[in-house]
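Participant: Take this structure first; my questions come after.
There are 2 protein chains.
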Amino acid sequence: MHSWIDGQPGTAVNLQNRGLAYGDGLFETIAVRAGKPSLLQYHLDRLALGCQRLAIEADIPLIRDELLRFSSQLGEGVAKLVVTRGDSPRGYAPAPGAMARRILQGAPLPAYPVVNADQGVSLYACKTRLAEQPLLAGLKHLNRLEQVLARAEWQGAEFAEGLMRDTQGRLIEGVYSNLFLIRDDMLLTADLSRCGVAGVMRAALLEHAPSLGLNPQVRDLEQADLEQADEVFLCNSVYGIWPVRLFAELNLNWSPGPLTRKLQAVARTLLDT
Amino acid sequence: MHSWIDGQPGTAVNLQNRGLAYGDGLFETIAVRAGKPSLLQYHLDRLALGCQRLAIEADIPLIRDELLRFSSQLGEGVAKLVVTRGDSPRGYAPAPGAMARRILQGAPLPAYPVVNADQGVSLYACKTRLAEQPLLAGLKHLNRLEQVLARAEWQGAEFAEGLMRDTQGRLIEGVYSNLFLIRDDMLLTADLSRCGVAGVMRAALLEHAPSLGLNPQVRDLEQADLEQADEVFLCNSVYGIWPVRLFAELNLNWSPGPLTRKLQAVARTLLDT
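Chain order of the listed sequences is A and B. Each residue of the first sequence is one higher than the last, beginning at 1 in this note's numbering. Each residue of the second sequence is one higher than the last, beginning at 274 in this note's numbering.
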């Protein structure tokens with residue numbers, strides 16, 4: 001698949017790139033259908049927020065333009081956008097006036113089993129806990145060793161995703177997705193002000209919930225919330241929504257419920273347009 | 274300056290390198306004098322421990338051999354060694370059988386002001402707190418956004434280093450060094466089992482302390498420990514030891530003390546041989 005660096009075809013970055021040196025940057029994983037990036041404004045908004053919080057000076061309109069051109073060439077697949085704080089010599093202090101670097105990489109749409117969306121997935125209980133760091137919480141930054149360690153905890157196809165908790169035991173998210181619980185008319189998802197990645201599909205679903213009669217609530221989630229949930233699902237910006245059918249650690253199981261099905265239809269529409 | 278990738282001259286890494294994608298790797302910053310890497314075995318031991326804890330399969334004897342050859346060419350300066358979990362397609366799961374990548378970059382020895390070592394430094398009080406993540410604590414891994422944020426808190430030459438605390442307020446380390454306190458015959462440094470980087474100079478000084486009549490203690494350090502310290506210093510594997518003369522936040526100041534001077538001599542010997 002093709003890749004661009006700063007708007008030009010390229011396959012390698014300089015060793016002085018601060019993305020490599022320190023994970024000093026952000027990324028977005030964007031579904032591309034019919035030559036168009038899905039959830040474009042959500043991705044750009046989150047990227048802009050991340051750049052602001054990390055004080056990375058990035059030209060968002062330029063990034064938007066490049067992403068549109070890249071997606072048009074990609075046609076269908078996943079566009080991974082990485083923005084780093086540019087290059088610098090050794091040392092944590094950024095080089096004055098360093099330009100943010102923009103990397104775009106294309107990949108095929110992943111071939112997830114159809115049953116994941118249709119019948120739901122079994123959720124692994126990760127032992128890796130998420131550390132509490134409010135300065136980085138919510139951002140999709142490049143410091144992802146916790147996710148690497150968590151994803152390495154299980155192999156094989158039995159589990160499609162793993163549930164990550166924070167060091168206090170609160171339920172936070174999947175390794176590469178966000179977690180939602182439905183109870184009565186409430187759509188619950190974890191507060192991500194201490195840790196976690198605030199996914200763009202999560203943001204979109206929270207926005208659309210009221211139109212389905214759901215009351216969105218962002219708050220701390222404990223084990224009891226999972227035990228009391230009528231429906232449970234995971235979401236991200238590539239696959240949309242997967243119902244959770246089994247969390248064996250607590251001997252909990254669910255059937256894909258009617259509200260999950262309605263939200264799945266919303267997610268499909270968001271990804272297809 | 275020259276740089277090698279996997280033992281060959283090179284200046285760029287593939288976009289699929291997991292160091293860039295996730296900060297999935299480790300690094301060592303090694304002083305090189307007269308063509309030889311200082312504190313070689315300490316660096317290799319820490320790297321091996323990091324690879325073991327992150328399950329990165331690296332050939333340490335090969336890395337040692339490359340580092341020796343690289344240092345011989347560099348002559349004098351700093352060799353930065355980066356070891357990443359190799360390349361992989363998109364996704365947190367490592368590619369099966371992926372080979373760790375070895376990167377070596379040369380840089381000149383930094384031109385720190387001589388007064389830093391002679392008269393001591395003024396220590397900035399960082400607002401950025403270190404998150405508690407026991408799985409990564411102690412390692413010199415590539416997820417360094419906390420240090421980037423902390424180092425960006427001050428500009429100019431007034432402060433040579435910044436003190437970082439954890440989210441509970443315990444004293445942990447400098448942004449690019451470790452912190453030591455001396456009180457009576459005790460040599461105190463922070464327990465790094467929740468966060469922080471266990472520096473190789475820190476390890477070497479803890480080993481050498483008894484030969485100077487000092488009793489090394491690794492434990493949690495609170496503000497009161499700083500207030501009660503007779504001498505305070507910072508250390509790392511490039512500059513050795515800098516006494517701390519001022520911590521204005523708490524209106525504390527010290528003169529470089531006799532035990533710090535003895536340890537400085539030890540550090541100089543370690544760096545020169």
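Here a beta-carbon is modelled for each residue, glycine too, at the ideal position from N, C-alpha and C.
Asp87 of chain A by DSSP, collapsed to three states: which one?
Facilitator: If DSSP states are grouped into helix, strand and coil, Asp87 of chain A belongs with the strands.
Participant: So if I threshold CB-CB distances at 9 Å, which residues from the segment 352-368 of chain B count as touching chain A?
Facilitator: Lys353, Val355, Thr357, Arg358, Pro362, Arg363, Gly364, Tyr365, Ala366 and Pro367
Participant: Can you list the residues of chain A that Gln420 of chain B reaches, using a CB-CB cut of under 9 Å?
Facilitator: Listed along chain A, the residues sitting closer than 9 Å to Gln420 of chain B by beta-carbon distance are Tyr22 and Tyr92.
Participant: Using a Cβ cut-off of 9 Å, which residues of the segment 2-21 of chain A contact any Cβ in chain B, in chain order?
Facilitator: For the segment 2-21 of chain A, residues whose beta-carbon sits nearer than 9 Å to a beta-carbon of chain B comprise Ser3, Ile5, Gly10, Thr11, Ala12, Val13, Asn14, Leu15, Gln16, Asn17, Arg18, Gly19, Leu20 and Ala21.
Participant: To the nearest angstrom, how far is it from the Cα of Ser211 of chain A to the Cα of Lys262 of chain A?
Facilitator: Those two C-alpha atoms are separated by around 11 Å.
Participant: For chain A, find out if any of its Cβ atoms is closer than 8 Å to the Cβ of Tyr449 of chain B; answer yes or no.
Facilitator: yes
Participant: By Cβ distance, which residues of its chain are closer than 7 Å to Asp6 of chain A, with the 5 residues on each side in sequence left out?
Facilitator: Correct list, in chain order: Arg101 and Arg102.
Participant: Would you mind sorting Arg268 of chain A into buried or exposed? The rule is 16 or more other CB atoms within 10 Å of its CB.
Facilitator: exposed
Participant: Would you list, in chain order, the members of the segment 207-220 of chain A that have their beta-carbon closer than 7 Å to a beta-carbon of chain B?
Facilitator: none
Participant: Can you grab the Cα-Cα spacing for the pair Val394 of chain B / Leu454 of chain B, in whole Å?
Facilitator: 14 Å
Participant: Terminal residues of the continuous alpha helix (DSSP H) containing Asp272 of chain A?
Facilitator: Pro258 to Asp272 is the extent of the alpha helix (DSSP H) around Asp272 of chain A.
Participant: If the cut is a Cβ gap below 7 Å, which residues of chain B does Gln105 of chain A touch?
Facilitator: Leu288
Participant: Residue range of the beta strand (DSSP E) that Leu519 of chain B falls in?
Facilitator: Gly513 to Phe520
Participant: Count the other CB atoms, across all protein chains shown, that sit within 10 Å of the CB of Val470 of chain B; report buried if there are 16 or more and exposed otherwise.
Facilitator: buried
Participant: For the alpha helix (DSSP H) that contains Cys51 of chain A, what are its first and last residues?
Facilitator: Leu40 to Leu54
Participant: Count the C-beta pairs between the segment 153-168 of chain A and the segment 126-134 of chain A that are closer than 8 Å, then say yes if the count reaches three, no if not.
Facilitator: Pairwise C-beta distances place the segment 153-168 of chain A in contact with the segment 126-134 of chain A, as three or more of them are shorter than 8 Å.
Participant: Kindly list the residues whose CB is nearer than 8 Å to the CB of Ser466 of chain B, restricted to its own chain and excluding five residues on each side of it in sequence; keep chain order.
Facilitator: Pro407, Ala410 and Gly411
Participant: For the pair the segment 28-47 of chain A and the segment 310-319 of chain B, tell me if three or more CB-CB distances fall below 8 Å.
Facilitator: In this structure the segment 28-47 of chain A does not touch the segment 310-319 of chain B; the number of beta carbon pairs closer than 8 Å is below three.
Participant: On a Cα-Cα basis, can you pick out the residue from A:Arg53, A:Ala58, A:Asn17 and A:Ala203 that is closest to Glu426 of chain B?
Facilitator: A:Arg53
Participant: What's the C-alpha gap between Leu226 of chain A and Asp493 of chain B?
Facilitator: Straight-line Cα distance between these residues: approximately 36 Å.
Participant: Taking Cβ positions, are Ser311 of chain B and Leu478 of chain B nearer each other than 8 Å?
Facilitator: no
Participant: Against Glu132 of chain A, what residues of chain B qualify as contacts under a CB-to-CB distance less than 8 Å, listed in chain order?
Facilitator: Neighbours of Glu132 of chain A on chain B, chain order: Ala404, Glu405 and Thr440.
Participant: Can you give the Cα-Cα distance for Gln428 of chain B and Ile30 of chain A, rounded to whole angstroms?
Facilitator: Taking the straight line from one Cα to the other gives about 37 Å.
Participant: Beta-carbon separation of Asp191 of chain A and Val218 of chain A under 8 Å?
Facilitator: Val218 of chain A sits close to Asp191 of chain A, with the two beta carbons spaced by under 8 Å.
Participant: Per the DSSP calculation, Asn526 of chain B is bridged to which residue(s)?
Facilitator: Bridge partners of Asn526 of chain B: B:Leu519.
Participant: Among residues of its own chain, excluding the 5 on either side of Asn389 of chain B, which ones have a beta-carbon nearer than 8 Å to its beta-carbon?
Facilitator: Ala433, Tyr512 and Trp515
Participant: Let me check one thing: in DSSP terms, what residues is Met303 of chain B bridge-paired to?
Facilitator: What sits at residue 303 of chain B in the sequence shown is Ile, not Met. Ile303 of chain B is bridged to B:Ala352.
Participant: From Ser372 of chain B to Leu259 of chain A, what distance separates their C-alpha atoms?
Facilitator: The amino acid occupying residue 372 of chain B in the given sequence is Met; Ser does not appear at that position. For Met372 of chain B and Leu259 of chain A, the distance between alpha carbons rounds to 45 Å.
Participant: Taking C-beta pairs closer than 8 Å, name the residues in chain B that Thr128 of chain A reaches, listed in chain order.
Facilitator: Leu408
Participant: Tell me the start and end of each unbroken beta strand (DSSP E) in the segment 443-516 of chain B that is at least 3 residues and wholly inside, in chain order.
Facilitator: Runs found: 444-447, 451-456, 459-463, 488-492 and 504-509.
Participant: With DSSP run on the structure shown, which of helix, strand or coil describes Pro61 of chain A?
Facilitator: Helix.
Participant: Please check if any C-beta of chain A sits within less than 8 Å of the C-beta of Leu341 of chain B.
Facilitator: no
Participant: Could you name the residues of the same chain whose beta carbon sits closer than 7 Å to that of Gly283 of chain B, not counting the 5 residues immediately before and after it, in chain order?
Facilitator: Ser276 and Trp277
Participant: Looking only at its own chain, which residues have a Cβ that is under 7 Å from the Cβ of Ala203 of chain A, when we skip the five neighbours before and after it?
Facilitator: Exclusion of the five residues before and after Ala203 of chain A leaves Tyr42 as the residues of its chain whose Cβ lies within less than 7 Å of its Cβ.
Participant: CB Leu288 of chain B to CB Val32 of chain A, shorter than 8 Å?
Facilitator: no
Participant: Can you tell me which residues form a DSSP beta bridge with Ala404 of chain B?
Facilitator: Per DSSP, none; premise fails for Ala404 of chain B.
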